[in-house]
Amino acid sequence: MSEPKQTVPKPIAGVSGYIDDRIGAGNFLKRNLRKIFPDHWSFLLGEIALYSFIVILLSGTFLTFFFKPSMAHTVYEGSYAPLRGIGMSEAYKSTLEISFDVRGGLLMRQIHHWAALLFVAGMMVHMLRVFFTGAFRKPREINWIIGVLLLTLALAAGLTGYSLPDDLLSGAGLRITEGVLISLPLVGSYATFLLFGGEYPGFDVIPRFYTLHVLLIPGIILALITAHMILMWVQKHTQMPGKGRTEKNVVGAPFYPAFMAKAGAYFLFTFGVLAGLGTFAQINPVWLFGPYNPADISAGSQPDFYMGFLEGSLRLMPAWEINIGSYTLPLSVIIPALVPMGIIMTGLALWPFLEQWVTGDKREHHVCDRPRNAPVRTSVGFAGITFYGVLWLLGSNDELSVAFDVSLFATTWFGRIAVIVGPIIAFLISYRICIGLQRKDADVLGHGVESGVIKRLPHGEFVEIHVPAREDVAAHLRGKKEIPSLEAPVDERGIPAPGVRGLIGKVRLTLNRAFRADDIPLEEGHGHEEEHKAIGAGSGHKADH
Amino acid sequence: MKSITARRRHPLARYAVLFLALLLFGGGYAFLAPVGGKADASIAQGANAVDDIAEGKKIFEATCASCHGVNAEGTAMGPSLIGVGAASVDFQISTGRMPAAAPAAQMPRKAIAPVFELPLDQRKPGQPTIDTKKVAQVAAFIQSLGGGPTVPTDADVDPATGNAAKGGELFRANCIQCHNFVGSGGALTGGKHAPDLGKASAKEIYEAMITGPQAMPVFNDSVITPQEKRDMIAYILAVQNQPHPGGASLGVIGPVTEGLAAWVVGIGLLVLAAIWITAKRRQVND
């Protein structure tokens with residue numbers, strides 16, 4: 008009992024001492040293993056993407072052992088009877104072999120595909136969390152940009168990945184890719200020939216997509232993920248507002264052992280869900296689609312979900328085109344392919360800078376906003392979700408039409424209107440909800456919470472006694488930060504400050520006012536007195552303001 | 061009787077008796093033979109055709125004429141049936157599409173109308189309840205009006221004589237743009253849809269190809285030969301009945317349901333797991 012606390016068995020102490028003397032990792036580990044991580048369920052959402060990516064790398068490596076990225080023509084004589092004797096590419100044939108003849112091949116294919124879906128979905132929910140809590144603000148703008156790049160690369164990884172089996176369904180996606188590329192003004196035909204090495208589909212596209220899919224894109228993704236993690240580590244994780252949490256500290260559990268155990272458990276959860284889906288839910292049954300033939304197309308040809316918004320915009324777009332001489336500008340392809348993606352991806356990338364410009368907020372933020380406390384940002388977010396969601400939903404309008412027995416044209420027209428009106432309605436509704444929730448917070452702080460104690464007043468009226476909110480709840484609510492004002496004092500000659508002069512300055516000022524409008528101040532202590540008086544005097548009602 | 065008595069010694073009487081006897085046996089045989097075997101295979105043939113047509117006309121007038129007109133000439137409610145053929149009648153009635161419940165863009169497959177079901181005492185457990193004789197009579201009536209494709213025989217539609225792989229190629233080239241890659245169905249314009257082929261029998265698929273019901277085009281024998289039709293039937297029945305090696309089929313309609321499963325099951329479970337993992341600490345604190 009009186010022995011020194013730090014007794015380490017000699018073999019371990021010797022080895023670790025040897026390594027430490029040469030690499031000097033001891034200090035580094037000591038510092039970093041004690042790194043504090045805040046605890047909130049939504050902070051784990053990004054890990055879904057991280058762990059899915061690990062599963063993708065492992066299962067993908069397995070698949071490369073058996074997949075033949077070749078468009079060479081061959082005839083299938085394998086174990087799937089309904090395709091025997093059919094001509095197809097080596098790529099499709101080897102995918103069939105992975106599915107039916109390689110031990111564990113189908114499971115690996117399915118886990119790989121499900122992991123790809125959860126990779127993108129995980130990134131999306133993580134991105135929404137970061138957006139709505141304002142965790143992209145200074146100093147994390149660069150990490151946000153890396154995140155947007157990762158999302159874009161994930162879409163590219165998905166497209167190049169699901170095209171590889173050269174089946175009929177993915178061929179439809181490849182054909183759309185070609186259509187978009189060739190629709191580009193001036194460079195379209197050259198770009199198409201560059202990608203496909205000649206006329207569509209040619210023999211080059213599958214090997215090229217393969218290199219992109221297994222080498223270049225995952226390489227960049229891996230590098231960016233590393234940068235993402237290092238930046239997160241160095242800048243420390245944001246935390247939700249709460250008791251004892253400031254811009255200067257991080258309240259939570261140390262990386263080792265607490266957070267490491269949680270992260271490890273969460274990896275196993277992710278792996279478990281992926282393995283479960285891969286085992287029990289069939290995904291991308293390429294043997295049912297048949298080999299790709301540019302002349303064939305199936306009903307219900309949809310891309311994977313993350314491309315659904317592009318599919319939807321293509322389906323909603325009216326058949327517009329401009330003909331100048333012998334040149335055609337197919338607006339019906341260019342607009343749906345580039346505009347929604349441009350709005351969403353560019354909008355995401357620019358938002359932190361736009362918001363900073365409007366609010367003039369140069370402070371560092373390590374404490375998250377609650378979504379209600381930044382009503383404009385939150386409402387823009389929901390408008391974006393609605394825009395994306397309508398496009399995504401209408402990408403499956405044929406399935407909706409059959410499943411819910413509505414006319415196909417009706418769904419198209421619904422989508423055309425909803426894609427414009429929907430975001431506006433979503434903005435207004437979420438704005439009002441944010442304001443309502445802010446009022447509720449102000450009410451909780453100002454008047455307390457319902458205690459469940461009913462008091463009868465002398466004249467017979469019943470009132471419920473309110474008690475001050477619990478300390479941690481109140482601290483959470485008080486985390487609200489004021490949005491800075493650009494309203495500069497006008498000097499004695501009535502000239503406004505330089506930043507808000509001119510047209511752009513006025514726009515900035517107007518936006519700044521909009522950002523701050525309806526900000527509900529927390530009415531600390533304001534209501535208590537009144538309420539007690541009400542109870543005491545037996546006259547008033549419970550907070551009617 | 062008096063005239064027969066007077067003429068039974070007529071020199072031609074023996075020939076008349078012989079003729080009547082032949083007619084009785086011949087007609088009797090023709091009447092009884094199809095009952096024993098392929099009832100639907102010999103419509104509009106044999107000496108009973110006239111009876112079948114008459115009987116069919118009666119059923120038609122009672123069941124179908126309100127929309128298709130008394131002489132099947134068509135009305136504002138339903139198209140003319142002259143020339144659609146017996147195969148069309150057999151398809152529409154045996155899939156329950158006709159008689160229709162109400163006019164609509166497209167008639168859905170449904171249970172066979174009671175009028176075309178066997179009486180309760182003639183039904184056998186495990187056997188279809190459709191009254192093939194009645195259907196055949198209506199088919200014979202429609203066939204008599206203007207010809208058209210006849211009902212295929214069992215041999216015509218036997219999937220065992222088809223090559224599924226070859227049929228798959230034809231199926232992909234001709235059918236899946238509406239019916240989806242395994243025939244799960246899909247949407248068409250104007251409130252119509254290409255139905256799920258999962259419930260269709262070999263004979264119904266064959267009849268649909270030769271008659272082109274509703275929005276479907278006709279694939280006659282010069283476009284798709286009877287052998288090719290059997291190839292396609294073999295493929296459709298093979299993929300419809302094969303097990304799904306990857307687990308739950310998710311409706312076999314492509315990536316839409318896969319995306320739904322990824323979000324609802326995948327993200328749903330992982331969010332619950334995240335809440336669970338991070339909630340533990342809070343309980344200890346409280």
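Chains as they are written, first to last, in the working numbering: chain A, 8 to 552; chain B, 61 to 346.
For glycine and all other residues, C-beta sits at the position ideal for the given N, C-alpha and C.
Fair warning: this is a prediction, and the values are worked out from it, not measured in the lab.
Residue(s) in a DSSP beta bridge with Leu-336/A:
Ile-329/A
For His-70/B, count the other beta carbons within 10 Å of its own beta carbon; 16 or more makes it buried, fewer makes it exposed. Which is it?
exposed
Thinking C-beta only, is Leu-181/A closer than 9 Å to Val-212/A?
yes
With DSSP as the reference, label Ala-107/B as helix, strand or coil.
Residue placement at Ala-107/B cannot be trusted, given a pLDDT of 49 that sits under 50; what the coordinates show is reported in the next sentence. Reduced to three states, the DSSP call for Ala-107/B is coil.
Alpha carbon to alpha carbon, what distance is there between Met-95/A and Val-331/B?
42 Å
If we define contact as Cβ-Cβ less than 9 Å, is Val-280/A a contact residue for chain B?
So yes, Val-280/A belongs to the interface.
From this set, Gly-251/B, His-239/B, Ile-153/B, which residue's C-alpha is nearest Leu-415/A's C-alpha?
Cα-wise, what sits closest to Leu-415/A is Gly-251/B.
Using a Cβ-Cβ cut-off of 6 Å (strictly less than) and excluding sequence neighbours within five positions of Leu-248/A, which residues of its own chain qualify?
Per the sequence shown, residue 248/A should be read as Pro rather than Leu. Same-chain partners within the cutoff: Val-374, His-483, Gly-486.
C-beta atoms of Ile-270/B and Ser-204/B nearer than 9 Å
no
Tell me whether Phe-394/A is buried or exposed, calling it buried when 16 or more other Cβ atoms sit within 10 Å of its Cβ.
buried
Less than 9 Å between the C-beta atoms of Val-383/A and Tyr-334/A, yes or no?
no
Based on Cα-Cα distance, which residue from Glu-177/B, Lys-263/B, Gly-87/B lies nearest to Ala-146/B?
Lys-263/B
Go ahead and pull the three-state DSSP assignment for Arg-379/A.
helix
Using a Cβ-Cβ cut-off of 9 Å, state whether Gln-289/A counts as contacting chain B.
yes
By Cβ distance below 7 Å, which residues in the same chain neighbour Gly-97/B in space, the five residues on each side in sequence not counted?
Annotation note: pLDDT 40 at Gly-97/B (below 50); position unreliable, coordinate value reported separately. Closer than 7 Å at Cβ, skipping near neighbours: no residue.
Measure from the C-beta of Lys-226/B to each C-beta in chain A and report whether the shortest distance is under 9 Å.
At least one CB atom of chain A sits nearer than 9 Å to the CB of Lys-226/B.
Residue-level contact to chain B via CB, Ala-476/A, 9 Å cutoff:
Contact with chain B is absent for Ala-476/A, since none of that chain's Cβ atoms lies less than 9 Å from the residue's Cβ.
Among residues of its own chain, excluding the 5 on either side of Met-8/A, which ones have a beta-carbon nearer than 8 Å to its beta-carbon?
The predicted position of Met-8/A is uncertain, since its pLDDT is 45 and thus under 50; a value taken from the coordinates is nonetheless stated next. Answer for Met-8/A: no residue qualifies.
Quick one: which residues of the stretch 296-312 of chain A get their C-beta closer than 9 Å to a C-beta of chain B? List them in chain order.
Phe-296, Gly-297, Pro-298, Asn-300, Ala-302, Asp-303, Ile-304, Ser-305, Ala-306, Gly-307, Ser-308, Gln-309, Pro-310, Asp-311, Phe-312
Taking 9 Å as the threshold (beta carbon to beta carbon), is Gln-237/B in contact with chain A?
yes
Rank Lys-117/B, Ala-225/B, Thr-135/B, Val-110/B by C-alpha distance to the C-alpha of Leu-297/B and give the top, closest one.
When each option's Cα is compared against that of Leu-297/B, the closest is Ala-225/B.
Answer with yes or no whether the minimum CB distance from His-454/A to chain B is below 9 Å.
Chain B, which has no Cβ nearer than 9 Å to the Cβ of His-454/A, makes this no.
I'd like the list of long-range same chain contacts for Phe-69/A, defined as Cβ closer than 7 Å, with 5 residues on each side in sequence excluded.
Cβ neighbours of Phe-69/A beyond the five flanking positions: Met-115.
Option nearest Pro-179/B by Cα separation, candidates Ala-171/B, Lys-170/B, Thr-189/B:
Thr-189/B
Under a CB-based cut-off of 9 Å, is Asn-404/A close to chain C?
Looking for chain C here will not work: the only protein chains present are A and B.
Val-480/A to Leu-444/A span [Cα, whole Å]
When rounded, the distance between both Cα atoms is 14 Å.
Beta strand (DSSP E) containing Phe-262/A: first to last residue?
From DSSP, Phe-262/A is part of no beta strand (DSSP E); its letter is neither H nor E.
For chain B, is any of its Cβ atoms less than 9 Å away from the one on Glu-185/A?
Cβ-Cβ to chain B under 9 Å: no for Glu-185/A.
If the criterion is Cβ atoms closer than 9 Å, does the pair Ile-232/A and Phe-411/A meet it?
no
Own chain residues within Cβ distance below 6 Å of Ala-390/A, not counting five before or after:
Pro-430, Ala-433, Phe-434
Measuring only the C-alpha atoms, how far is Thr-159/A from Ile-149/A?
Cα to Cα, the separation comes out at about 15 Å.
Thr-81/A - DSSP class collapsed to helix/strand/coil
strand
Tell me whether the stretch 225-239 of chain B and the stretch 298-307 of chain A touch, counting them as touching only if at least three CB pairs, one residue from each stretch, are closer than 8 Å.
yes
Under 7 Å, CB to CB, which of the residues in the stretch 104-127 of chain A have a partner in chain B?
Leu-113, Gln-117, Trp-121, Leu-124, Leu-125
Since Ile-463/A is in the beta strand (DSSP E), which residue starts that stretch and which ends it?
Checking the sequence shown, residue 463/A turns out to be Arg, not Ile. Taken as a continuous stretch (DSSP letters only), the beta strand (DSSP E) holding Arg-463/A covers 456-463.
Name, please, each residue of chain B whose Cβ falls closer than 9 Å to the Cβ of Arg-91/A.
Ala-224, Ala-225
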